[in-house]
Amino acid sequence: MSRTLLVSGQPGAYPTIGHALADAPPDALISIAAGTYLETLELVDVTVTLAALAGAKVVIDGTGADRPALRAKNGAVSLHGIEVRAGISVEDSALTLRHCTVTGGRRPAISIRGSAGFAVTECTVSQAEQGIVVDGASGRLEGTTISDVTGDGIIIGMGADPAIRNCAVTGAGLRGIYIYQYGRPVIEGCAVSRTGAEGISVAQHSTPVIRNCSVTDARGVGIAVAADCAGTLEACRVENTAQPGVALADGATTTVIAGAAAGGGPASQGLEALLGELDAMTGLAEVKAEVRALVDELQVNEWRRRAGLPVGAASHHLIFAGAPGTGKTTVARIYGRLLKALGVLPHGKFREVTRRDLVGQYIGHTAEKTSLVFEEAVGGVLFIDEAYTLSRAGASGGDFGQEAIDTLVKLMEDHRDEVAVIVAGYTGEMADFLSANPGLASRFGKTVEFGDYTPDELLDIIGRMVSAGEYELDPAAAPVLIRYFARISGGPNFGNARDARRLFEGVRKAQSQRLRQIDRLPTVDQLRAMLVDDVLVATAD
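Residue numbers (my numbering): 5 to 545.
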């Protein structure tokens with residue numbers, strides 16, 4: 005019978021994961037209470053399971069160390085429900101990750117080498133040099149999202165033959181998936197989007213099977229296969245990439261099989277990439293659930309329509325209610341692309357406007373301006389920010405805002421299946437806006453509430469900005485930032501992510517002023533380093 009060890013701040017429990025590991029017998033289960041554990045773990049010849057207590061947020065943070073947060077060799081390690089910052093590296097050690105979040109910083113988020121098997125399921129991987137690197141290993145990667153990496157999203161090499169299913173790679177600086185050195189993966193139902201180079205690249209005698217996958221919005225070609233490679237491409241979709249969409253070099257013997265993708269067709273592949281992009285956003289759990297519910301309903305309606313079954317009327321118009329800086333515009337953009345992927349709208353173009361774009365200066369001018377803007381948005385999304393300023397109570401200088409509302413009400417009904425109108429603003433003010441016209445509220449199918457970010461979530465947003473700018477934030481600055489966000493979050497003018505952006509720019513300014521005072525050219529490490537003192541300067545009242 006395996007032994008269970010508890011890590012928490014309670015008397016009698018182990019204070020750190022490292023202390024628990026020191027006493028852990030083979031096959032031990034280490035249950036971990038909520039908290040951030042600033043430690044790195046070195047596991048050699050160890051078989052152990054690390055699991056967060058039910059509902060607990062557990063973070064293993066090795067940021068700033070010269071090695072990954074968790075490194076294992078010649079054993080078996082399982083992690084369940086844990087966030088790992090600064091990467092995981094295993095060599096000849098079995099690895100199981102389930103419902104984990106892993107970031108890598110300047111190294112791979114997950115590196116797997118050797119002959120031991122692995123299973124990575126329902127995880128989120130981001131903020132790394134590479135997402136997941138698999139060399140020489142067999143295993144499976146399922147239901148996982150890889151995003152926001154400066155290099156390649158997934159790398160398969162050294163004869164590795166994993167099964168990769170229903171994963172999304174979005175936002176890779178180089179290739180989405182790179183297969184090299186005799187790699188033999190089976191890749192099914194995956195979606196690759198927004199890559200700086202090829203979506204999927206096959207090189208150096210590799211023979212992958214790539215089936216029912218999609219590649220969209222790649223700066224390079226969609227799928228590139230080198231001369232000495234084989235394998236199979238079956239029922240894959242390539243859209244909005246460099247030409248040609250699929251490039252087979254002379255000498256490549258890859259079998260290309262056309263045909264519609266199984267399990268819902270090409271649209272479902274694009275959906276997974278977009279939903280992965282949504283999931284990669286910080287926080288917004290309730291918003292993500294609402295959007296997924298809308299997508300589920302629209303998808304089932306489409307299946308019913310194909311089967312000849314009746315489909316109820318569904319409005320694509322939404323209300324996004326909440327404070328500024330909570331991601332409303334970003335989610336609206338993704339929603340428009342989701343509608344395109346579902347075939348609900350012909351394209352995902354996004355038209356963002358405010359009162360100034362709709363309201364004219366004399367009677368009749370407003371209806372003309374509003375109609376023109378609406379026509380430009382047909383086929384996509386019309387996003388009206390601070391829509392409450394159109395109502396009589398929020399308008400200034402006459403009643404022309406009311407004219408815009410009245411015009412919108414008619415246009416939204418006349419073109420209900422051709423455009424998605426999303427109105428956004430503070431929750432209270434949006435209630436007043438909806439009362440400005442008797443038919444306005446009925447035009448919208450749902451209100452999606454965007455709550456304020458927590459201090460921890462704002463810290464994560466700052467961390468993403470730091471990584472994207474190729475800076476390194478002193479880990480000791482984290483509590484300073486948490487205290488600052490906790491202090492300002494209750495204020496009437498709290499701007500959420502906008503405040504995080506302003507603070508990041510303030511830290512950059514403080515760093516620049518500090519570096520200008522030294523009497524020599526700063527080193528690369530100095531140019532990257534954001535110190536606690538920089539944060540203190542930026543957060544000073």
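Backbone N, C-alpha and C fix where the C-beta goes; we use that ideal spot for every residue, glycine too.
All values reported here derive from a predicted model rather than from experimental measurement.
Per DSSP, the bridge partner or partners of residue i
i    : result
A98  : A80
L386 : R355, V425
K450 : L322
Y182 : I159, S205
G143 : F122
M534 : L477
Y18  : V11
V137 : S115, I159
E243 : T220
V190 : A167, V213
A195 : A172, S218
S471 : DSSP lists no partner for S471.
S130 : T107, S151
I92  : L74, I114
I34  : L9, L54
A301 : According to the sequence displayed, residue 301 carries Glu and not Ala. In the DSSP output, where bridge partners are listed per residue, E301 has none listed.
A504 : None; A504 has no bridge partner.
T393 : DSSP, once it has assigned bridges, lists no residue as partnering T393.
L252 : V229
E290 : Its beta-bridge partners do not exist; DSSP assigns none.
T259 : T236
Cβ-Cβ separation, residue j to residue i (assumed contact under 8 angstroms), whole Å
i    : j    : result
A228 : S205 : 5 angstroms
G499 : G329 : 4 angstroms
V427 : A481 : Contact flag wrong, Cβ pair sits at about 38 angstroms.
E43  : I64  : 7 angstroms
F454 : V291 : 6 angstroms
T125 : S151 : So it is not a contact: roughly 17 angstroms between Cβ atoms.
D361 : V377 : 6 angstroms
G255 : A231 : 3 angstroms
L444 : I388 : About 12 angstroms separates the two Cβ atoms, so there is no contact after all.
V425 : H321 : 5 angstroms
G226 : G203 : 5 angstroms
P166 : G143 : 5 angstroms
Cβ-Cβ distance between residue i and residue j below 8 angstroms
i    : j    : result
G384 : H351 : yes
Y488 : T543 : yes
A176 : T149 : no
Q517 : M534 : no
G85  : A123 : no
E476 : R512 : no
S218 : C233 : no
T154 : S130 : no
S6   : L33  : yes
T527 : I323 : no
L394 : G405 : yes
V196 : V213 : no
V250 : V295 : no
E407 : T370 : yes
I492 : D478 : no
T51  : A73  : no
S179 : A201 : Per the sequence shown, residue 179 should be read as Arg rather than Ser. Cβ distance < 8 angstroms, so R179 and A201 count as in contact.
G109 : S439 : no
D283 : T105 : no
V315 : R308 : yes
L145 : I181 : no
L9   : D27  : yes
G331 : M285 : yes
A38  : A60  : yes
D436 : Y366 : no
G287 : E461 : yes
A207 : L278 : no
Proximity test, Cβ basis, 8 angstroms: residue i and chain C
i    : result
L444 : In the structure shown, chain C does not exist; there is a single protein chain.
Spell out a yes or no on whether the region 76 to 94 and the region 109 to 117 are touching, meaning 3 or more CB-CB pairs, one atom from each, closer than 8 angstroms.
yes
How do the region 332 to 343 and the region 459 to 469 stand: do at least 3 beta-carbon pairs fall below 8 angstroms, yes or no?
no
Segment contact, 8 angstroms Cβ cut-off, at least three pairs: the region 131 to 140 with the region 239 to 253:
no
Contact between the region 147 to 165 and the region 183 to 194 (3+ Cβ pairs under 8 angstroms):
yes
In the region 201 to 235, which residue ranges form an unbroken beta strand (DSSP E) of at least 3 residues, counting only runs that do not cross its ends?
204 to 206, 213 to 215, 218 to 222, 225 to 229
Go through the region 309 to 382 residue by residue and report every complete run of the beta strand (DSSP E) that reaches 3 residues or more, in order.
322 to 326, 354 to 357
How about the region 427 to 436 and the region 298 to 309: do they share at least three Cβ pairs that are nearer than 8 angstroms?
no
Completely contained beta strand (DSSP E) runs for the region 37 to 90, where each covers 3 or more residues
39 to 41, 45 to 48, 51 to 56, 62 to 65, 74 to 77, 80 to 84, 86 to 89
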